[in-house]
Structures are given as structure tokens and as C-alpha cells.
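Structure, as C-alpha cells:
In the numbering used here, the protein residues as written are -1 to 392.
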């Protein structure tokens, strides 16, 4: 005899929509603790999510959650006109394509508050773009009008910073006229572009006794102090000049470690940059046959320079121009990511045992790595790129 039919499973009630109480907890307590690159997905959940993630309140909550040492992104332009972004704490994972430009090149010239200053015509001042790689929002900068007497130069050294006094992002162009190699120049123009007013102004014109060394972008400290290297033919020395985007004036030079000025030591200044928010200087130490990297622990105080590391000079490092630090694996880590100055290669250096190993980064092209913090900062009138978070095919 057939057994009794099994009872029908009870009908489950339909899922209930998120209550106001759920949203009151999820929105301010959970969402701000997630990495910014996930917000593009969460904006599609519902209208409440989209409105909250787009609000200034959410940006403030997220900014407090992710300190400068956390959620760092390494941005590397590629020769296929694409900017690839890595999570700096897991470099071996596949990067994602932040955006792809239809023509030209991609060069990163600076970063501030999670925004990148990008040029997409090689070695030219314009056109420029300010891009947030976390949210793929951007604005174009194409205005080339400064004044009737001084047109915007085609080439120049650029920098990018934030004027907290006027809540304005500013781009700086320093242009030397009649510069040939390491010779002195006849005129130096300093020009500033205001994102708020969308206009250029000449803020300084001098007749210097030195020349500005070519580099991709100014070194930004404290969000508003830009630094470049200058060469003095008469002194046969380099100096570090500083421009304040708030006052729009050149400040006193930054003094380097004492041993740079010691005539008994032959130390050649290779580069300056920023590491974990600190100004660094790197030298070829010819006496001890090593590359030294110093960091300025208290900005503007010469005695606060501290030697971070010394890397023995090998034939390989010497061949490729020495090393420059890019980032540390963590704020207290003994591992430092180094870049060869004249070769598209990244290396991990361990300060504890002086070991050097190739960094397992899956894509390196015309290497101009820039570190920025993931953020939700957006500029007025910003546009959004299409679906460009594409993993790199290894």
C-alpha cells in the first residue's frame, strides 16, 4: 500500500523590504566602512543607497574611516592609453582598468585627496583631466587662456594641490623660457589654474640664475606645498624649491640633510618625492657606495631628516640609474617598494636583511607609479566614465 503523501512544505512569506530602522543602521554604520571601489555596485541597490552614497555626509564619514595609511591605491599608466589601479596591500592581485582614453597617452602628474592630475597628450600642458580612480568621476581642463601678453605654454612642469582657505583645487605650471639643458634661463613664469573659477593666472615672473629640472609632476606635501628640483650652474648643486598653492607664492627652499653640503662627502641628489606623507630625498653616496634615502619627519626642520634606508650599489642598480621609493607595504612595515629610475621595474626592499626581490606586479609599461588614497571626493560638474573596471588579462 502506498504511503501517505508527504505534506506540502509551508509557503514562505515574501521577503520584506528594508525597513527605515534597517536603513538607519546600514547606511551610516556599515557602508562607510567598505572600500570606495565597492560603492559603484551599491548605488544600484536602491534609491536610498544611491542618494546616501552621493551625499556630502557620506563622503565625510568615509574620509574619517579610511586614514591616509589605509586603502592606498597604486596607479600605473599603460602604453595602451589605459590607467590601471592596484590595491597597494595586495599588488599580486589583478589590477582593474580605471579608464581608457581613445587616443594619445596617459601620464599621471600628481595626486591630492584621492584625485589624480592626468595628461593625455605626451609632454604637453593641455589637455588635462582631474580623475577620481575610485569613483571614475572626472573633469576636463582645456582652457588655454592666461592673458594676451602671456599665452599658456605648450610645455612646462606641472603640480596639483588643494587650497584649504578657499576650498579650491589648483594646478600649477612652471615654465622656463630659453632653458637649454643645465644652462640658466632668461625668464620663469609661474601660472595657476583655479578649478572653481576655471581660469589661469600668472602669479610670478622672475629672472632666475638656475634652471628647473624636468619631471612628471611636483611633489606635494600637506596637500598644498609643491616641490621641484632646480640646478644651479654656478654652485654645481641642486636645490629644492617650494610653491604654496594657498598663498600662490614661492617659499624658502627646503634644506637637505647636512651631509649633502659636506664637501668631504660626494653625495649626488637623485630625486625628491613623498613617502607616507613625508618628503623624501634620495642620494647616490659615492663614499660608501650605496643609495641613501632620507625622510623629513617634521616638515621644514632640517635636523628632522632621518635616514630610512641604504641600498648597496650593484652593477644592475647603477646601470638603471639607482632607486627611488614608491611606498611601504604598511605604515610600520620593513618592506619598501622601490622603482628603478631608468627602467620599468618595481622591487621590494627588506630593511631587516637588505634583501631585494622583484615585485610581483603583473603589468608594467611606461612606469610612472603614483600612490593615492581611495576617496569619494568629487568635483562640481564631474562626469562619470562608462563601465571601465576591467580586470587586466594576465
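Every residue gets a Cβ at the ideal spot worked out from N, C-alpha and C, and that includes glycine.
Please read all numbers here as calculations on a predicted model, not as lab measurements.
Can you tell me which of the options puts its alpha carbon nearest to the alpha carbon of residue i?
{"i": "residue 379", "options": "107, 45 and 129", "result": "129"}
{"i": "residue 298", "options": "240, 215, 124 and 246", "result": "240"}
{"i": "residue 295", "options": "367, 186, 304 and 271", "result": "304"}
{"i": "residue 157", "options": "106, 291 and 382", "result": "106"}
{"i": "residue 277", "options": "253, 199, 86 and 84", "result": "253"}
{"i": "residue 318", "options": "326, 325, 327 and 344", "result": "344"}
{"i": "residue 250", "options": "258, 256, 257 and 238", "result": "238"}
{"i": "residue 223", "options": "202, 204, 248 and 53", "result": "248"}
{"i": "residue 99", "options": "81, 175 and 212", "result": "81"}
{"i": "residue 313", "options": "327, 332 and 288", "result": "288"}
{"i": "residue 124", "options": "171, 48, 349 and 259", "result": "171"}
{"i": "residue 275", "options": "265, 282, 325 and 260", "result": "325"}
{"i": "residue 186", "options": "316, 163, 258 and 211", "result": "211"}
{"i": "residue 122", "options": "377, 47, 104 and 315", "result": "104"}
{"i": "residue 300", "options": "112, 258, 381 and 79", "result": "258"}
For residue i, count neighbouring C-beta atoms within 10 Å of its own C-beta (all shown protein chains included) and say buried if the count is 16 or more, exposed if not.
{"i": "residue 73", "result": "buried"}
{"i": "residue 139", "result": "buried"}
{"i": "residue 173", "result": "buried"}
{"i": "residue 285", "result": "exposed"}
{"i": "residue 152", "result": "exposed"}
{"i": "residue 132", "result": "buried"}
{"i": "residue 231", "result": "exposed"}
{"i": "residue 51", "result": "buried"}
{"i": "residue 169", "result": "buried"}
{"i": "residue 373", "result": "buried"}
{"i": "residue 256", "result": "exposed"}
{"i": "residue 188", "result": "buried"}
{"i": "residue 45", "result": "exposed"}
{"i": "residue 337", "result": "buried"}
{"i": "residue 161", "result": "buried"}
{"i": "residue 310", "result": "exposed"}
{"i": "residue 260", "result": "exposed"}
{"i": "residue 269", "result": "buried"}
{"i": "residue 49", "result": "exposed"}
{"i": "residue 262", "result": "exposed"}
In three-state DSSP terms, what is residue i?
{"i": "residue 47", "result": "helix"}
{"i": "residue 314", "result": "helix"}
{"i": "residue 383", "result": "coil"}
{"i": "residue 302", "result": "helix"}
{"i": "residue 150", "result": "coil"}
{"i": "residue 124", "result": "coil"}
{"i": "residue 176", "result": "coil"}
{"i": "residue 19", "result": "Annotation note: pLDDT 44 at residue 19 (below 50); position unreliable, coordinate value reported separately. In this structure, residue 19 counts as helix in the three-state DSSP scheme."}
{"i": "residue 257", "result": "helix"}
{"i": "residue 86", "result": "helix"}
{"i": "residue 65", "result": "Note that residue 65 has pLDDT 46, beneath the 50 cutoff, so the model's placement of it is unreliable and no number is given."}
Rounded to whole angstroms, what is the Cα-Cα separation between residue i and residue j?
{"i": "residue 209", "j": "residue 370", "result": "29 angstroms"}
{"i": "residue 206", "j": "residue 216", "result": "19 angstroms"}
{"i": "residue 97", "j": "residue 75", "result": "10 angstroms"}
{"i": "residue 154", "j": "residue 136", "result": "22 angstroms"}
{"i": "residue 219", "j": "residue 243", "result": "11 angstroms"}
{"i": "residue 302", "j": "residue 83", "result": "33 angstroms"}
{"i": "residue 279", "j": "residue 347", "result": "17 angstroms"}
{"i": "residue 40", "j": "residue 267", "result": "47 angstroms"}
{"i": "residue 70", "j": "residue 234", "result": "38 angstroms"}
{"i": "residue 246", "j": "residue 236", "result": "23 angstroms"}
{"i": "residue 341", "j": "residue 322", "result": "11 angstroms"}
{"i": "residue 383", "j": "residue 375", "result": "15 angstroms"}
{"i": "residue 150", "j": "residue 126", "result": "13 angstroms"}
{"i": "residue 367", "j": "residue 221", "result": "19 angstroms"}
{"i": "residue 308", "j": "residue 291", "result": "6 angstroms"}
{"i": "residue 109", "j": "residue 272", "result": "11 angstroms"}
{"i": "residue 293", "j": "residue 331", "result": "15 angstroms"}
{"i": "residue 166", "j": "residue 190", "result": "12 angstroms"}
{"i": "residue 350", "j": "residue 327", "result": "14 angstroms"}
{"i": "residue 306", "j": "residue 85", "result": "24 angstroms"}
{"i": "residue 315", "j": "residue 339", "result": "9 angstroms"}
{"i": "residue 202", "j": "residue 42", "result": "48 angstroms"}
{"i": "residue 134", "j": "residue 377", "result": "12 angstroms"}
{"i": "residue 113", "j": "residue 159", "result": "10 angstroms"}
{"i": "residue 335", "j": "residue 164", "result": "35 angstroms"}
If you measure from the beta carbon of residue i to each beta carbon in chain B, is any gap under 7 angstroms?
{"i": "residue 288", "result": "Going by chain labels, chain B is absent from the structure shown, which holds only one protein chain."}
Taking three-plus beta-carbon pairs below 8 angstroms as touching, is the segment 211 to 231 in contact with the segment 193 to 200?
Between the segment 211 to 231 and the segment 193 to 200, the count of Cβ pairs shorter than 8 angstroms is below three; the stretches do not touch.
Is the segment 111 to 119 touching the segment 351 to 359 in the sense that three or more CB pairs, one from each, lie closer than 8 angstroms?
No, the segment 351 to 359 is not in contact with the segment 111 to 119.
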